[in-house]
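Every position in the sequence shown, counted from 1, becomes a number in the numbering used here once 85 is added. Everything below concerns the one structure shown next.
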Amino acid sequence: MSSFTNQPDSNRKNRPIHSGHILIVEDDKLLASQFARVLTRSGYTCSLAEDVFQAMHLIEKKPIDLHIVDLRMPVPSPSGLEYIQKLRQKRNDTAVIIITALEDDSTIHQALSLDLYGYLIKPVSDKQLSVCVDNAMCRIAVEKELQRQINSMQAFMEIETQLALLSTIIDTIPNPVYYKNREGRFINANKAFLEFKGLERRQVIGKTAFDFLPQDRAQQHDEIDQRLLKNPGLEIYELTVARTDGSPRNIIFHKASFIDTAGEIGGLVSIMIDITELTRTANELIKSQSIFKSIVQRSIEAILIVSHAGNILFANDGAELLFGRPADMLVGNECGYPLTSGKPVEIEIVLSKNKRGVGEMRSELTKWGNQLAYLVSIRDITDRVAAEEKLKQTISELKKANQIILNQQKSVIEEERLKVLLQLAGATANELSQPLMVLMGYVSLLKANIDDRKKTTSYLQELNLVGERITEIVNRMRTIRHDLPIDGFENNSLMVIDRDISILIVDDSEVDYQQIKSMLSESKRISLHHCKTIQSAIEQISNSQIDLILLDYLLPDGTGLNLNGSNGNR
């Protein structure tokens, strides 16, 4: 196995200089060396292999442009035909020239079917070898160039496809997009930009910003463009731009320079983002937030924003009034109350000057900035709780007074019953006196006429009748029920003794109203009226006879003092 490299040759003045690496697979060393010398003089580099084994070893190390193969190889080497087949299995376009003596037709036919680059029959002259190899190398060069052009064409087609896809994607983008060259002339623009400007593509391509915009506005764009052309990067800025219909739009421009195939700045690409509606929405949101903040600040209830950790993030004027401390002293401190979303709960609150009271607290989970927090409202219900306790105490005292009166009623009833019984006893004594006198008379007659049987019998009969009369009177006395009520007396409550009572409850809490209602449910002749606002309470007082008003201090449209002042002498 040896190599021959091209060396200068004084006899090659008018010959073309060739290049390429040729592998000669020939077991005849003299013939292989002769081929190598001829081809080396022509400018080729040659490597020699005595059999297929050496050839397979060589092609693993060096790239080979052309294989010159003898079909007959010494045993145990595979034949040249088998070598060619192995080459074609690895790479189908391997260039091969075969050299052989006269062989049978089947072998020649099989070799020719492998798309050979040349076929030489021994003995081979130097000229035959040079011409055959030059033709093969020319074919290889042509095929390489053809493949290069095919690859270039495929790459060009792929680029065209990508450009078409890119153009479709850009046209699909809802935001206006355009790009310019270094001179500031429009190269292209998408449909959104054309619709925004009300122009056709042919009216845009090749034009500059000065063709569409006022001088001062075009100058603004041009200054930014020049900065990006000198210093590649990204510029973001906002301008007011008029649409085709003349309506002003707030536009954010995202503008960047791009690099061409030569590695130079080729121009600029710009994307326009219409933020008009976003700006309007943001302004409205700021306005609504300002209104909301004003409402919250002026609320008479204490309103706090409390973090999940329990720290106060915000406190309104109502909180300052309730706790007797400025908001900046409240913010940052711990809230101190357990917070859960749901129904209102009563809490103990520390008012100004360490005075303690009762508050009604409501808390709901909300979003404060970029974090979850609790929106807490606290209402001072100290006066209301005190009024409720006073009401409970009053009701308890009324019940006690009612019981005392009932007991007094019972005593009166018993006294009246005793009087009646005494009257009945007097009447009964009167009624008994006559039969008793008759009884005594007949007893005297019976003693005087004891011997007269007939008279005695008559007197005994009369005595029997008188005894029956006395027995009847006694039995009637026994049937009188001293435990039954006397007609005209009823066991009623205190409120029924005089007249019906009408009570007005002014409280915006349905829960409190129901609680009071249940307390007074035993009194049958107490009628309740419920109002939640001062205005509705005034109307109720004007239209109804009200004996008693149970009044909450803090109401949706004012305080209990307002109602008291409006009620006047009533």
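In this text, a Cβ means the ideal position worked out from N, Cα and C, and glycines have one as well.
Item                                                                                              : Value
Straight-line gap, Glu386 to Leu370 (C-alpha atoms, nearest Å)                                    : 24 Å
DSSP three-state assignment for Glu419, whether helix, strand or coil                             : strand
Test item: CB-CB of Ile601 and Asp632 under 8 Å                                                   : no
Short Cβ contact (8 Å threshold) for Ile388 with Ala412                                           : no
Which residues DSSP lists as bridging Asp211, in chain order                                      : Answer is none; Asp211 lacks a bridge partner.
Rounded straight-line distance, which links the Cα of Ala347 to that of Glu71                     : Limits of the chain in this structure are 86 at one end and 655 at the other, which puts residue 71 out of reach.
Burial state of Arg464 (16 or more Cβ within 10 Å)                                                : buried
Spatial distance of Phe295 from Gln305 (CA atoms)                                                 : 10 Å
Cβ-based burial, Pro261 [other Cβ within 10 Å; buried from 16]                                    : buried
Nearest-angstrom Cα separation, counted from Arg328 out to Thr644                                 : 56 Å
Buried/exposed call for Ser332, threshold 16 Cβ in 10 Å                                           : exposed
Cα-Cα separation between Met472 and Arg365, rounded to whole angstroms                            : Met is not the amino acid found at residue 472; the sequence shown has Ala there. Rounded to whole angstroms, Ala472 to Arg365 spans 51 Å at the Cα level.
C-alpha distance - Arg176 paired with Thr246, whole-angstrom precision                            : 30 Å
8 Å contact criterion, which Ala617 and Asp593 should meet: CB distance rounded                   : It should be noted that the sequence gives Lys, not Ala, for residue 617. So it is a contact: roughly 4 Å between Cβ atoms.
C-alpha distance - Gly526 paired with Arg554, whole-angstrom precision                            : 15 Å
Under 8 Å between C-beta atoms of Leu353 and His393                                               : no
Buried versus exposed, by CB contacts within 10 Å (16 or more), Gly734                            : In the structure displayed, the chain extends from 86 to 655; residue 734 sits before or after that span and is not available.
Strand pairing of Cys616, partner residues [DSSP]                                                 : Val591
Inter-residue spacing [alpha-carbon to alpha-carbon] between Gln213 and Leu205                    : 8 Å
Range covered by the alpha helix (DSSP H) that runs through Gly454                                : It is not in any alpha helix (DSSP H) - Gly454 carries neither H nor E in the DSSP assignment.
Supposed close pair Val137, Tyr168 - CB separation, criterion 8 Å                                 : 4 Å
C-beta atoms of Leu48 and Ile434 nearer than 8 Å                                                  : One cannot answer for residue 48 here, as it falls past the ends of the chain, which runs 86 to 655.
Every unbroken beta strand (DSSP E) inside the region 194-244 [3 residues or more]                : 203-206
For Tyr459, the nearest candidate out of Arg233, Tyr422, Glu474 (CA to CA)                        : Tyr422
Same chain, Cβ closer than 8 Å to Ile344, neighbours up to 5 away in sequence not counted         : Pro317, Ile350, Gly351
Sufficient close CB pairs (3 or more, under 8 Å) joining the region 158-167 to the region 126-146 : yes
Reduced DSSP category for Gly552 - H, G, I as helix; E, B as strand; rest coil                    : helix
Status (buried if at least 16 other CB within 10 Å, exposed otherwise) for Asp310                 : buried
Cβ neighbour criterion (16 or more within 10 Å) applied to Lys340                                 : buried
Backbone CA spacing between Val559 and Asn487 [nearest angstrom]                                  : 40 Å
Enclosing beta strand (DSSP E) for Tyr129 [first to last residue]                                 : That residue, Tyr129, is in no beta strand (DSSP E); it is neither H nor E in DSSP.
For Met141, the first and last residue of its enclosing alpha helix (DSSP H)                      : 137-144
Proximity to Val430 [Cα-Cα], best of Asn418, Glu419, Val443                                       : Val443
Reduced DSSP secondary structure (H/G/I, E/B, other) of Ser384                                    : coil
Distance CB(Leu151)-CB(Ala226) smaller than 8 Å                                                   : no
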